[in-house]
Each structure stands twice: as C-alpha cells, then as structure tokens.
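Colleague: Mapping to the UniProt record's numbering: the sequence shown position 121 is 121, numbers consecutive. Ideal Cβ placement from N, Cα and C applies to all residues, glycine included.
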Amino acid sequence: MSLLDSMQVRVEGTSTNGLYSQAIVVGNMVFLSGVTGVDPATGNLIAGTIADRTTQVFKNISRVLEAAGSSLHKVVRVNIFLTSMSDYAAMNEAYLKVLSQDVKPVRTCVAVKELPRLTDIEIEVTAIL
1 MSLLDSMQVR VEGTSTNGLY SQAIVVGNMV FLSGVTGVDP ATGNLIAGTI
51 ADRTTQVFKN ISRVLEAAGS SLHKVVRVNI FLTSMSDYAA MNEAYLKVLS
101 QDVKPVRTCV AVKELPRLTD IEIEVTAIL
C-alpha cells in the first residue's frame, strides 16, 4: 500500500502550510500530524494554562478525527511533546478528562527544546476507524 492508496483528511479553519498532511487514512487507521492549541476561529494559540491548551489540542484533534470518520474513543496511540516537563502533571489532568475510557491508548511523552509557533504542547495521535 502506498500514499496513493490513502485518503488525505483536511478540516476547514486549520492550516498545514503545504508541508504535510493534516491526517491520512490508510486502511482502517487514521494518522494525524502534530496538533497544537490553536483556536480555529482566530488562527492564534489560545491564552491560558497548559491545561487550557491541552484541552484545545484535543478539541482540534477531535475535529480532524471526526472528519476522517473516527473519534477520540478510537485513539490507540498518543505522542505528546512538551517544552517543559514541569507542565506534565497539569497536562495529565486535562488529558484524563478527555481520554477517560478504561483502556487507555499507548502513549509517549517527551520534552523538547522548542515547538513551532512557540507553543508549549503538541500532540499527535493514531486512531482506528
């Protein structure tokens, strides 16, 4: 199977600047690029705490997953990038409010030096359809 056999997913109000696909469906899987806490109405990162941005990230992820025919309850893998591990506990509180199912997705969380647009969190997910 190649990218020619996949379906690109795009949601209005979001931008990928032409460098990558927002999401791709291959078979019964949907792969999302990293998502940040941008307000789709303004195109700006939301102000507030890391918990606020984590919540917005998952709202944005949910929109893309729904456009692909999936949902947050079908997420099987989560990769989280933080610019400071001091945000880990607050991010986890917001995370558990969204992904509250009994069987949690596999997950990786790493600290990175810097993220695009000077955000402090970016999350990518993989889900089933």
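Under the rule that 16 or more other beta-carbon atoms within 10 Å means buried, what is Ser70, buried or exposed?
Modeller: Buried.
Colleague: Would you list the residues sitting across from Phe58 in a DSSP beta bridge?
Modeller: Phe58 pairs with nothing; no bridge assigned.
Colleague: Below 8 angstroms on the Cβ atoms is my contact criterion, and I expect Pro105 with Val75 to pass it. Report the Cβ-Cβ distance as a whole number of Å.
Modeller: Contact flag correct, Cβ pair sits at about 5 angstroms.
Colleague: Between the segment 119-127 and the segment 31-40, do three or more beta carbon pairs fall short of 8 angstroms?
Modeller: Counting Cβ pairs under 8 angstroms, three or more are found: they touch.
Colleague: Near Val112, what residues of its chain come up, given a Cβ to Cβ distance below 8 angstroms and the 5 sequence neighbours on each side ignored?
Modeller: Taken in chain order, the residues that qualify are Phe81, Leu82, Thr83.
Colleague: Measure the beta-carbon distance from Val30 to Gln22 and round it to whole angstroms, keeping in mind my assumption that it falls under 8 angstroms.
Modeller: With 8 angstroms as the limit, Val30 and Gln22 do not qualify as a contact, their Cβ atoms being about 10 angstroms apart.
Colleague: Comparing C-alpha positions only, which one of Thr119, Leu19, Gly43, Leu129 sits nearest to Asp87?
Modeller: With distances taken between Cα atoms, Asp87 lies closest to Thr119.
Colleague: Going by C-alpha to C-alpha distance, which of Ala94, Met91, Val78 sits closest to Ile128?
Modeller: That would be Val78, whose Cα lies nearest to the Cα of Ile128.
Colleague: First and last residue of the beta strand (DSSP E) that includes Leu82?
Modeller: Here the beta strand (DSSP E) through Leu82 covers 75-82.
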